Amino acid sequence: MLILPQIGPFAPQWKRTKSPLRHSVRRRKLEVEHLECRRLLAGIAGDVWYDNNANGIWDEDEPQAANVLVELIAPGGSVGDPIQTDVDGHYDFPNLPLNE
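Structure below.
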């Protein structure tokens, strides 16, 4: 029989105590739970800014564009609900299904 002392500020140590020999069998129970079908999700996020020098790269002197509507258009042409950028020009389309 093994006894684990109380856990304190030091690492626990195992102590062996004497006990009579006996044979025991443990039975384990296996439970199976059926899960619902799950879909992998993805997301798209980014920032909108005024590209004053038209180089396609945000420069520190270029202001972020707040309250701009951003639309996500699927390859088939379907358009989802537009999302408005926050005060820092950030947008986020979370939980998008993959391959759709």
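Take any residue in the sequence shown, count from 1 to its spot, add 1128: that is its number in the numbering used here. Positions of the beta carbon are idealized from the N, C-alpha and C atoms, including for glycine. Since the model is a prediction, treat every value here as computed from it, not as a measurement.
Nearest to residue i (by Cα), restricted to the options the options
i            : options                   : result
residue 1192 : 1172, 1217, 1213 and 1174 : 1217
residue 1215 : 1155, 1175 and 1200       : 1175
residue 1202 : 1187, 1210 and 1189       : 1210
residue 1212 : 1204, 1196, 1206 and 1200 : 1196
residue 1178 : 1194, 1160 and 1158       : 1194
residue 1199 : 1219, 1157, 1159 and 1156 : 1219
residue 1180 : 1190, 1172 and 1171       : 1190
Proximity below 8 Å, CB of residue i to CB of residue j
i            : j            : result
residue 1167 : residue 1225 : yes
Limits of the unbroken beta strand (DSSP E) element including residue i
i            : result
residue 1223 : 1218-1225
residue 1172 : 1169-1175
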